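Chains as they are written, first to last, in my numbering: chain B, 1053 to 1389; chain R, 52 to 342; chain P, 650 to 957. Positions of the beta carbon are idealized from the N, C-alpha and C atoms, including for glycine. Nothing here was measured: the structure is a model prediction, and the numbers come from that model.
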Amino acid sequence: MEDRKLILDIQDLSIQYRVEGGTVHAVENLNLALGYGENLGFVGETGAGKTTTALGIMRLVPDPPGRITSGRILFEGADLLRKTEDEMRSIRGGKIAMIFQDPMTSLNPVMTVDKQIAEMVLLHNDVTERQALDRAVEMLELVGIRSERARDYPHQFSGGMKQRVVIAIALACNPILLIADEPTTALDVTIQAQVLELMRELRRKINTSLVMITHDLGIVAEMCDKVAIMYAGRVVEYATTEALYNRPVHPYTEGLFNSIPDIDRDEEELKVIQGLMPDPTNLPSGCPFHPRCPYAVESCSREAPGMVEIEPGHLVACPVRTEHRLNSVGWKGGAGR
Amino acid sequence: MSEQINKQPGQSMHGIGAVFARLRRSPLAMLGLAAVIALVLIAVFADYIAPYGYAAQDLMSAFEPPSANHWFGTDEFGRDLFSRIIYGSRISLQVGFIAVGIAVFAGGFLGAVSGYYGGRLDNLIMRGMDILLSIPSILLAIAIAASLGPGLFNLMIAVGISSTPNYARIVRGSVLSIRNQEFVEAAKAVGSSDLRIILKHIIPNCMAPIIVQSTLGVAIAILTAAGLSFIGLGIQPPVPEWGAMLSGGREYIRDYAYMTIFPGLAIMISILALNFLGDGLRDALDPKLKQ
Amino acid sequence: MLKYITRRILFLLPILIGVSFIVFTLLYLTPGDPARMVLGDQATEEAVREFRDKEGLNDPFLVQYGRYVYKAVQGDIGRSYMTRLPVAREIMNAFPYTVKLALFSMLIAIVLGIPFGIISAIKQYSLFDSVMMIFAMVGLSMPVFWLGILLILFFSVHLRWLPSSGFNTIAAMILPSVTLAAQSIAIVTRMTRSSMLEVVRQDYIRTVRAKGQKESVVIWRHALGNALIPVVTVVGLQFGNLLGGAVLTESIFSIPGVGRLMVDAIKMRDYPLVQGGVLFIAVAFSLVNLLVDLLYAWLDPRIKAQYR
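Below, the structure is given as structure tokens:
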């Protein structure tokens, strides 16, 4: 995989929050790669560290209490963690844009939406304010908002419309990487479909790479080429969407699929994953999933599993499920402590 | 990010022990608590601490500056200022606590009824509170005290009534947020009486904001009372009220500044202590408010 | 917007009626016979009875209140027991001083409190922040009258820089305004700080950062615009405290304002003047609150929208 041109290559990233009563290991030795033009689905439960990873890429982890403690985030080959704040500012919005989870709170309530889009345009292009506002109206129309609503305030829009505005802001400067953090979670189901359709359409037009953070495997199936499954701050399985959906290997991934109701199969009850997400200040030793894992053996509580490539481009962090496979080539930067 | 931040383990702590544990982490709050306790002890044991009586005149030693005999000096009648300030703590604390007690009781009752029953009664009570709030509280206290006439008890009533609307609003707000929660619905379903629900469920659940507001309220009450005495509406001589002492010392400010400095210091330290404690309590009782 | 203004002015009416009722009731309950107060101890029973009849003091409470309101609407809120001059005129003469004092103090509180609060919030937990917060706490705990006396002691008696009384020159205005402003500076500082800290954590601030905006623009444009909304309310409420505090400040610095008038009236038991002063200040405070609400609606499009 070294020969592939990568737009984003995260290596051994660890991010911690210091809180009352301990340290939260929000992201721990995370490895992730994304090629140009690829769509990556980033899946995990609430609290798995998906948003923190995204904020880490943007270098927007709130400090205090958060801190990136180690690792590298290579964006187009250069480490973002070594950039100056000024360099970082021209990347934010210009090259990497982010769509946030809750559109209701993501827009400045005392500023009209066209100005909020124009602000983005002005920051990354050498244009006049007039031109920026024109571009803002253009963007609004692109996301399906009529131009006469440009001078409205956020509170005058519905949730779905607000998310369209947020998308317009994110895409205003043609970013080459778009991070969408659960862009539809806060929306009604029908609106979700519209927003996803919009994003798919815009991606075709603008052709950016996409990191889609979600806990919805259905969205991933529709939108993404690659999937990373995250659990307790670590990536536990990484594969093409096709491989992952056809051959999930990690017990946690398996659990996620089993907990989706399937109307074709007539099951009495869903197989839910036993137990709860561990306390983030006090993670279990070894593999953090072992207390909930039906396949756990004694060594799971001792040794943190490394990522193993079981077929080309399909990596799994579970020695129990992978040891019988022949293709056990160690992958750099396993999740060992 | 909010996912992790919201899971602060601190929030899972409950009960008085946990609140105190958090309070202990704030040095200013502990300083405030220590000073308030000291103040209460001084007031209780004033008879043993004060070297002279608060009204004991000794015209031979009038206007003596601070010395070993008279730590804070003496006033125009030769009364020992240190002793008067010690005794004065009784007045200030009494006024502070009783006035706030009146306000909490009256405001709490009005707010609870208003929030619990809602509708027209709520409207009536809260518009009444709005009217009281549209008069600056010290002016309302002045107007009431002027009508009732001077005296310790009247002062307490004036200060108490003038701060009643604040408590009514706080309690009403808490009641509204608690009223529709499941445990209250459950109590209603098993046939508890309204009074019982208010006393057993609603009041205990809005204690936190009341405790915080009361602590800060005692400070405000002491300040207001001292202000009223300062302009001659509060306690009359020879009762050693700090505000009145300050007012009395004003005439001699050019030559005997200590007569105004010490009573003022006494007021300020007491208020400061209560404010530190109140701020600390707010943070300790509501960790969400603190980052 | 016009609809909103009309609505707010209509809201004012019941408040004014309520305030006048409280003021009148307090006056009514005040011990002592107004007739005796006016006519003096030497007056005959005959004269007292005549006076009571003429002034309608024997009428039922509500009738008297009705008459009070009827007259108050025409600008007559009684006569001073002492000077026999109309209370309204006495207060109007004194009012400009009080307003000037309160406005100056408010200005000081805004000009100092808001920047202090912002800097404290940006540099949370820094030395500046800690020092400011302790100063603010001391400011909150300082009795107005004591601060005034200390300032006189230091700047007038000791240094002889500033006059200790009067309010007609700029120099004379400094000490009273600072004295009265102290508590408001503290409150505005604390409010601005906590409001800023709250706003800076909001999602929309993160959105602006994600655009690649400069931190200074994030703070001064986006955060401040939102953080000031609650501060405006607090500043408005402070105006009431300032008018109330003016009563004490004026009497310390011998400023012939409404507060001083009231304090003198209290000593003379000239109750119509006391109650008139309360009524007057309450009305002024309500009007200021009205202005603040309008300003609020102007600052916050969400509120403006409700009344389009």
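- Neighbourhood of residue 679 of chain P in chain B, by CB distance below 8 Å: empty, with the nearest CB roughly 49 Å away.
- At a beta-carbon threshold of 8 Å, the residues of chain P lying near residue 1146 of chain B are 861, ordered along the chain.
- Assignment of beta-bridge partners to residue 1286 of chain B by DSSP yields B/1283.
- For residue 191 of chain R, the closest of R/284, R/148 and R/144 by C-alpha to C-alpha distance is R/284.
- Runs of the beta strand (DSSP E) lying entirely within the segment 789-875 of chain P and spanning at least 3 residues: none are present.
- Per DSSP, the continuous beta strand (DSSP E) segment holding residue 1075 of chain B begins and ends at 1074-1087.
- Residue 652 of chain P sits exposed, since fewer than 16 C-beta atoms from the chains shown fall within 10 Å of its C-beta.
- The C-beta distance from residue 718 of chain P to residue 669 of chain P rounds to 6 Å, short enough to fall under 8 Å.
- Under the Cβ criterion of 8 Å, residue 1105 of chain B is not counted among the residues facing chain P.
- Within the DSSP bridge table, the entry for residue 1094 of chain B names B/1265 and B/1280 as partners.
- In the three-state scheme derived from DSSP, where H, G and I count as helix and E and B as strand, residue 784 of chain P is classed as helix.
- Taking a 10 Å sphere around the C-beta of residue 120 of chain R, we find fewer than 16 other C-beta atoms and assign the residue as exposed.
- Using a CB distance below 7 Å, no part of the segment 1224-1241 of chain B faces chain P.
- For residue 735 of chain P, the pairing in a beta bridge is given by DSSP as P/728.
- Assigned with DSSP and collapsed to three states, residue 125 of chain R falls in strand.
- Here residue 1068 of chain B carries a strand assignment [DSSP, helix/strand/coil].
- For residue 1329 of chain B, no beta strand (DSSP E) encloses it, and the DSSP letter there is neither H nor E.
- According to the DSSP assignment, residue 1231 of chain B belongs to the beta strand (DSSP E) that extends over 1229-1233.
- Under the DSSP assignment, residue 1361 of chain B falls in the beta strand (DSSP E) whose first and last residues are 1360-1363.
- A Cβ-Cβ contact shorter than 8 Å links residue 932 of chain P with residue 665 of chain P.
- As computed with DSSP, residue 1183 of chain B is found in no beta bridge at all.
- In this structure, the beta-carbon distance from residue 856 of chain P to residue 1158 of chain B falls below 8 Å.
- From the beta-carbon of residue 935 of chain P, the residues of chain R found nearer than 8 Å are 185.
- Of all residues in the segment 269-286 of chain R, only 270, 274, 277, 278, 281, 282, 283 and 284 come within less than 8 Å of chain P when Cβ atoms are compared, listed by chain position.
- Nearest neighbour of residue 805 of chain P by Cα position, chosen from P/700, P/822, P/772 and P/701, turns out to be P/822.
- The Cβ-Cβ distance between residue 1245 of chain B and residue 1302 of chain B does not fall below 8 Å.
- The segment 1191-1207 of chain B and the segment 1108-1123 of chain B do not touch, with fewer than three beta-carbon pairs separated by less than 8 Å.
- Under the DSSP definition of a beta bridge, residue 1127 of chain B partners with B/1060 and B/1130.
- Contact between the segment 761-768 of chain P and the segment 895-911 of chain P is absent: fewer than 3 CB-CB pairs across the two stretches fall below 8 Å.
- Chain R has no Cβ within less than 8 Å of the Cβ of residue 829 of chain P.
- Excluding the 5 residues flanking it on each side, residue 813 of chain P has same chain C-beta neighbours closer than 6 Å at 801 and 805, in chain order.
- In the three-state reduction of the DSSP assignment, residue 1144 of chain B falls in the strand class, which pools E and B.
- For residue 942 of chain P, no CB of chain B lies under 8 Å from its own CB, so it is not counted at the interface with that chain.
- Contact with chain P is found for residue 311 of chain R, since one of that chain's Cβ atoms lies less than 8 Å from the residue's Cβ.
- From the beta-carbon of residue 853 of chain P, the residues of chain B found nearer than 8 Å are 1157, 1158, 1159, 1160 and 1161.
- Residues 1106, 1150 and 1263 of the same chain have their beta carbon placed closer than 6 Å to that of residue 1231 of chain B, with the five preceding and five following residues left out of the count.
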